[in-house]
Structure formats: structure tokens, C-alpha cells
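Residue numbers (this note's numbering): 716 to 960. Take a look at the structure below.
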């Protein structure tokens with residue numbers, strides 16, 4: 716009996732010993748199968764789908780735009796600089812500094828222009844409704860054309876000389892440069908205008924009478940008196956015009 720029990724015990728233990736590895740293998744297999752069966756993730760764990768990668772568009776090089784000619788046309792219709800009449804001799808002889816250009820007729824400056832052989836404007840005939848400042852703007856000049864032509868206000872039909880002769884004397888319209896305090900400006904201007912009308916009419920004798928009888932006594936500077944007297948005695952229409960008209 717003892718021998719039998721020993722054998723049975725051995726068989727049971729031996730069987731248990733043989734079954735243990737089998738059970739372990741089954742347990743590992745079950746765990747592996749459990750891991751392969753994934754549980755759906757919750758909404759909070761759902762990954763946000765990534766944005767599709769940007770597709771590069773082909774780059775087309777823009778054709779250069781044609782150059783505009785607007786600046787060129789604008790340049791041809793505007794003044795690059797302003798011309799002015801200046802004196803370096805105390806006001807007796809004047810010259811134009813800078814070139815005049817005729818930019819063409821416009822509202823308030825629609826008069827006729829004469830030019831020299833180089834196309835430089837020489838005279839301008841005032842039209843009704845013309846404005847002195849606009850006339851000057853048309854020629855790229857400072858607006859001193861009226862006083863330069865011995866008038867306070869330009870009048871229709873008046874011919875404005877645009878450039879003085881630097882070799883001929885000129886006397887101011889508003890009074891001698893050395894006029895004393897209290898100088899009678901109105902009689903002086905009236906005498907200048909009368910002499911100017913005589914010049915325009917070609918009446919040299921009337922011009923001489925106005926100068927010798929009235930205007931000469933209103934000047935104090937002897938150099939000015941001598942220069943004007945010489946021009947008046949010469950009877951040169953251009954010099955007389957520049958002096959009075």
C-alpha cells in the first residue's frame with residue numbers, strides 16, 4: 716500500500732508539474748488576445764485630424780508693366796523753375812533771369828503771344844477776363860508783368876513786354892527808387908501813363924514834353940536823370956517803351 720500511494724502522489728505531482736507550463740502559456744495567450752482587441756477611445760481622446768498639407772502653387776513671374784508717359788507729359792506742361800526780372804544796378808537796369816516758356820492758352824490767360832527766332836515769348840496781348848497772375852503762370856514767370864509794363868491793372872488789348880533790355884534804362888511805376896517821404900505818387904503815375912500813351916501812339920515830342928516838363932523834376936538821383944534823358948533825346952521807340960509803356 717505504501718508503494719502504491721507513493722506512485723500515485725508522484726503521478727499527481729508530476730502531472731501538476733507538467734500542467735503548470737501549459738497554464739502559463741494559456742494565460743500569456745489570453746493576455747495577448749485581450750491586447751489585440753482595442754477598446755474605442757472616448758471623444759475626449761479622439762485625436763484631431765491634421766490639416767492637409769499645403770500644395771505649392773506654381774509661381775508665374777509677372778510681366779513688367781509698360782512705362783507710363785504721364786510724367787513726361789506732365790513735365791512738358793509744368794514749370795521746372797520760375798523766371799524773374801532782377802536788377803543788379805539799384806533798379807535802373809533790369810534783366811530777366813531764367814527762361815520764359817509758353818505753356819499754352821488757358822482760362823484767364825488766353826491772349827496772343829509773339830516769340831523770337833528761338834521760340835522765346837516776347838510779348839503778350841491781354842484778352843478780356845485775363846488775370847495777371849495766371850498770365851505769369853502760363854510763362855513760368857513771377858507775377859510782376861503789370862508793374863514792369865508801368866500799369867497798376869492790366870487792360871484788354873494791352874501789349875505786355877515780357878523781357879526788358881538790360882542795356883536800356885527802366886524807371887519804376889510806383890515812384891522813383893529814392894523817392895522821399897511824402898512823395899506824390901498819384902501825379903507821378905499819371906505822368907508815366909501819359910508818357911506811355913504817347914509812346915504807343917508814336918508821338919516822341921509828347922514823350923519829351925512829359926519827361927522834361929513833369930517827370931524829370933520828380934527824380935533826385937543824377938545817374939538816373941542822365942540815363943533817362945539820353946534815352947528820351949535819342950527818340951528810340953524801344954527805349955522809350957521800356958521807360959514808360
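We treat Cβ as the ideally placed atom computed from N, Cα and C, and that holds for glycine.
Report yes or no: do the stretch 880-894 and the stretch 916-936 share at least 3 C-beta pairs separated by less than 8 angstroms? Enough Cβ pairs lie closer than 8 angstroms, so yes.
Rounded C-alpha distance that separates residue 846 from residue 800: If you take the alpha carbons of residue 846 and residue 800, they lie about 19 angstroms apart.
Cross-strand partners of residue 800 (DSSP beta bridge): Paired residue(s): 811.
Spell out a yes or no on whether the stretch 858-868 and the stretch 814-821 are touching, meaning 3 or more CB-CB pairs, one atom from each, closer than 8 angstroms. Using a Cβ-Cβ distance cut-off of 8 angstroms, the stretch 858-868 and the stretch 814-821 are not in contact, since fewer than three pairs of beta carbons, one from each stretch, lie closer than that value.
Rounded Cβ spacing between residue 841 and residue 884 (contact assumed at less than 8 angstroms): Going by Cβ atoms, the distance from residue 841 to residue 884 rounds to 25 angstroms, so no, they are not a contact pair.
By Cβ distance, which residues of its chain are closer than 6 angstroms to residue 707, with the 5 residues on each side in sequence left out? Only positions 716 to 960 of the chain appear in the structure, and residue 707 is not among them; the question remains open.
Per DSSP, cross-strand counterpart(s) of residue 821: For residue 821, which the question treats as bridged, DSSP gives the partners 824.
Could you spell out where the alpha helix (DSSP H) holding residue 952 opens and where it closes? From DSSP, the alpha helix (DSSP H) with residue 952 extends over 952-959.
Using the rule of at least 16 other Cβ atoms within 10 Å of the residue's Cβ for burial, across every protein chain shown, is residue 957 buried or exposed? Residue 957 comes out buried.
Residue 887 to residue 822, Cα distance in whole Å? C-alpha separation (whole angstroms): 29 angstroms.
Would a C-beta distance cut-off of 8 angstroms place residue 855 and residue 925 closer than the cut-off? No, Cβ-Cβ distance for residue 855 and residue 925 is not below 8 angstroms.
Buried or exposed, going by whether 16 or more other CB atoms sit within 10 Å of the CB of residue 962? Within the shown structure, residues of the chain are numbered from 716 to 960, placing residue 962 beyond reach of any answer.
Would you identify the three-state DSSP class for residue 837, choosing helix, strand or coil? Strand, per DSSP.
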